[in-house]
Amino acid sequence: MLVKKRKVSYGLIRVVVAAVLFAAFFAVYHFAELNRYINLALFMALYLFIGGDVAWKAIKGLFRGHVMDENLLMFIASAGAFVVGEYPEAVAVMLFYQVGELFQGYAVRKSRASIASLMDIRPDTATVLREGKEIVVSPEEVKTGEIIVVRPGERIPLDGTVIEGVSTLNMTALTGESLPKDVCAGDSAVSGALNLSGLIKIRCEKEYGESTVARILDLVENASAKKAKAESFISRFSAVYTPVVVLAALILGVLPPLIIAYNDWSVWSDWIYRALTFLVVSCPCALVLSVPLSFFGAIGGAAKAGILIKGGNYFEILDKTDTVILDKTGTVTEGSFAVKQVIPQDKRDEILSAAAVAEKNSLHPVAKSVSAAAPKVESEGYAVTEKAGMGVIAQKEDDVIAAGNEKLMRFLNVDFISGDEAGTIVYVARNGKYLGRIVIGDTVKKDSAAAIKELRANGVKTVMLTGDNEQTAASVAAEVGVDEYKSELLPQDKVTQTEKYLGRKNKTAFVGDGINDAPVLMRADVGVAMGGIGSDCAIEAADVVLMHDNLSSFLKAKRIAKKTMRIVRENIVFSLGVKAAVLILSALGLAGMWLAVFADVGVAVIAVLNAMRMMRAHKL
43 MLVKKRKVSY GLIRVVVAAV LFAAFFAVYH FAELNRYINL ALFMALYLFI
93 GGDVAWKAIK GLFRGHVMDE NLLMFIASAG AFVVGEYPEA VAVMLFYQVG
143 ELFQGYAVRK SRASIASLMD IRPDTATVLR EGKEIVVSPE EVKTGEIIVV
193 RPGERIPLDG TVIEGVSTLN MTALTGESLP KDVCAGDSAV SGALNLSGLI
243 KIRCEKEYGE STVARILDLV ENASAKKAKA ESFISRFSAV YTPVVVLAAL
293 ILGVLPPLII AYNDWSVWSD WIYRALTFLV VSCPCALVLS VPLSFFGAIG
343 GAAKAGILIK GGNYFEILDK TDTVILDKTG TVTEGSFAVK QVIPQDKRDE
393 ILSAAAVAEK NSLHPVAKSV SAAAPKVESE GYAVTEKAGM GVIAQKEDDV
443 IAAGNEKLMR FLNVDFISGD EAGTIVYVAR NGKYLGRIVI GDTVKKDSAA
493 AIKELRANGV KTVMLTGDNE QTAASVAAEV GVDEYKSELL PQDKVTQTEK
543 YLGRKNKTAF VGDGINDAPV LMRADVGVAM GGIGSDCAIE AADVVLMHDN
593 LSSFLKAKRI AKKTMRIVRE NIVFSLGVKA AVLILSALGL AGMWLAVFAD
643 VGVAVIAVLN AMRMMRAHKL
């Protein structure tokens, strides 16, 4: 790290010193009327100081077969300027080229630092309890089931469940969320989170390679390997563009003087100067750097917001997405059961208490939600019998409580009132008397309706696919406001439904979280997985991972993608537009080397600064 800082300092000092000397030599050149050889010596010395490394790279490139690169273009243009006697302009080309390189280097370092800051979430060690002793080991050495001790100020090294202690966790590095998370025994704890207060003990549930922090680092590190079409286009464009303009410059510098006056050096000098100007303008470095930098910065900025995008190509797809297909459970809804309605025949507490007694020892999600909503009850002494496909019966002497579906009520000959509410209905009876019914359902996430409303307002069609029954699906669809929904679907049915929207100019995104969503996540134009509660399989299959587990994060991902592509298009149009104009002017002899330097270095600096805006993508 220290070496990098020294390099940056040297580069800056060299440019500043060269600029001061250039100003002095320029004044001497114009006002002192020194011998041309003295002027040549002064400017040649300054040229070697500021541009010697570029000239050397160009010469080495020739021997290594790297013929058409920006170093060679700058070297030819500046060397040619010396030949035609334009010494100040020869140095100016190299000086301003180095200024551009300084800006570009700074932009790349900032972008890399943005991503490198994520690497701080990787803990170097883990404190493990083994045979009653605390042992410090590498996170990779910890096995599932082992107990990890995490003190205040330490990062959680591996995913697991808190078994002892109370603390507050800083989740900013993982989700971008500044609000701390309180945890106690029974709560999940993810790797990479910073322990802020108390000592906690965590039972490890995933080895390091499968942990949240390892997944994040892997996704971010490998994201740059998947190039966007714009990046691939620029690479192909440069490979063709550069040799073409070099050939054009050669023709421009040779053919006209041969036709006009082949024996007149002043004519040759004029057209060679035009050709050299043409070469300076033609350097494609503004595009070659700024376009990848836009995607690179956006990947880092999105990661800071808890959005992991696996490659630059997905920014283009997200920007073109006009249809979003949503899984229901865990995506639109919380994915956890809760009591939504209590419809008592007489007293509300009576039905909840009775149901809680019957469901007390059951591990079924419906039973757990009833127990959570009911007041504390005394269930000792009750013998519980499960009736398969119907419900449970709890009996203590003459007291008999039944909780289940309509089949159970009919089995016990209870005179009950059938309900048609959306969700799972639990009918409760005590000693043959109907007490009422409890409606259990999944809870819609707080931001789902607002996010879907915004998507629709931006012209994005929303479709909800679920394996749940028609009644429940219709209820959730109406609550959140999706355009369409399909219910009672198997995993393969979700794929079939999604395929109806594929193969179009505009793109389709699928947002899901479960194992059963993996096939459709892979099939969609862009698969988006809820990362926090989402399964490992879904995250692996997805192209975009939302660590926040909400649809608002998907909206942010779309905003980031839209701005990224806008900046990329701006840089392409601006760079090519300015260069085309100056290329024409230089061919006509209306543009000198100074304007050419601006068209190259100035445009590159402006494009890079524009691309750097994506480093703040997390604030969109």
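All you need for our numbering is the position in the sequence shown, starting with 1, plus 42. By construction, the Cβ of each residue, glycine as well, lies at the ideal position given by its N, Cα and C atoms. Given the structure is predicted, the values throughout are model-derived calculations rather than measurements.
Shown here, S395 sits in a helix according to DSSP, grouped into three states.
With fewer than 16 other Cβ atoms inside 10 Å of its own Cβ, I80 counts as exposed.
Q513: member of the alpha helix (DSSP H) spanning 512-522, first to last residue. The residue from T210, L507, L236 with its alpha-carbon nearest to that of C226 is T210.
Here the region 356-363 lies against the region 602-610, with 3 or more beta-carbon pairs under 8 Å apart. Shown here, E173 sits in coil according to DSSP, grouped into three states, outside any helix or strand. In the same chain as L137, and ignoring 5 residues on each side of it, the C-beta atoms closer than 8 Å to its own belong to V57, A60, A61, F64, I92, G93, in chain order. Residues N113 of the same chain have their beta carbon placed closer than 7 Å to that of K99, with the five preceding and five following residues left out of the count. Residue pairing by DSSP puts E428 in a beta bridge opposite V434. Fully contained in the region 585-645 are the following alpha helix (DSSP H) runs of length 4 or more, in chain order: 593-629, 635-639. The alpha-carbon separation between I435 and N511 amounts to approximately 26 Å. In this structure, A347 keeps its C-beta atom at 7 Å or more from the C-beta atom of T606. Judged by DSSP in its simplified three-state form, T203 adopts strand.
In this structure the region 634-641 lies against the region 611-624, because at least three pairs of beta carbons, one per stretch, are closer than 8 Å.
Around the beta carbon of F105, fewer than 16 other beta carbons lie within 10 angstroms, which makes this residue exposed.
Where N455 is concerned, there is no enclosing beta strand (DSSP E), because DSSP gives it neither an H nor an E. If you draw a straight line from the Cα of G474 to the Cα of V442, it comes to about 8 Å. Beyond the five residues adjoining it in sequence on each side, A235 comes within less than 8 Å, by CB distance, of R197, I198, L211, N212, M213, A215, L216, K223 in the same chain, given in chain order. Annotated three-state conformation of Y543 is coil, per DSSP.
Per DSSP, reduced to three states, the secondary structure at M136 is helical.
Assignment of T365 by DSSP, reduced to helix, strand and coil, places it in the strand class. A515 sits close to T508, with the two beta carbons spaced by under 7 Å.
Judged by beta-carbon spacing, V286 lies beyond the 7 Å limit of D642, meaning their Cβ atoms are not closer than that value. Annotation: D201 to T169 spans about 14 Å, alpha carbon to alpha carbon.
About 6 Å separates the beta carbons of L497 and V366, which is inside the 8 Å limit, making them a contact pair. Judged by DSSP secondary structure, L318 falls within the alpha helix (DSSP H) whose first and last residues are 307-324. Rounded to the nearest whole angstrom, the C-alpha separation of E392 and A400 is 13 Å. Look at the beta carbons and you see the region 285-300 touching the region 308-320: at least three pairs across the two are nearer than 8 Å.
Ranked by Cα distance from M506, the options V384, E612, V553 are led by V553.
Annotated three-state conformation of Y52 is helix, per DSSP.
Look at N81 here: in three-state DSSP terms it is helix.
Within the same chain, and ignoring the five residues on either side of E182 in sequence, the residues whose Cβ sits closer than 7 Å to its Cβ are Y250. The three-state reading of DSSP puts A347 in coil, since its state is none of H, G, I, E or B. Around D229, the same chain offers V204 as residues with beta carbons nearer than 6 Å, after the five sequence neighbours per side are excluded.
Taking C-alpha positions only, L368 is separated from S395 by approximately 37 Å. In this structure, G343 lies near M656, with their beta-carbon atoms less than 7 Å apart.
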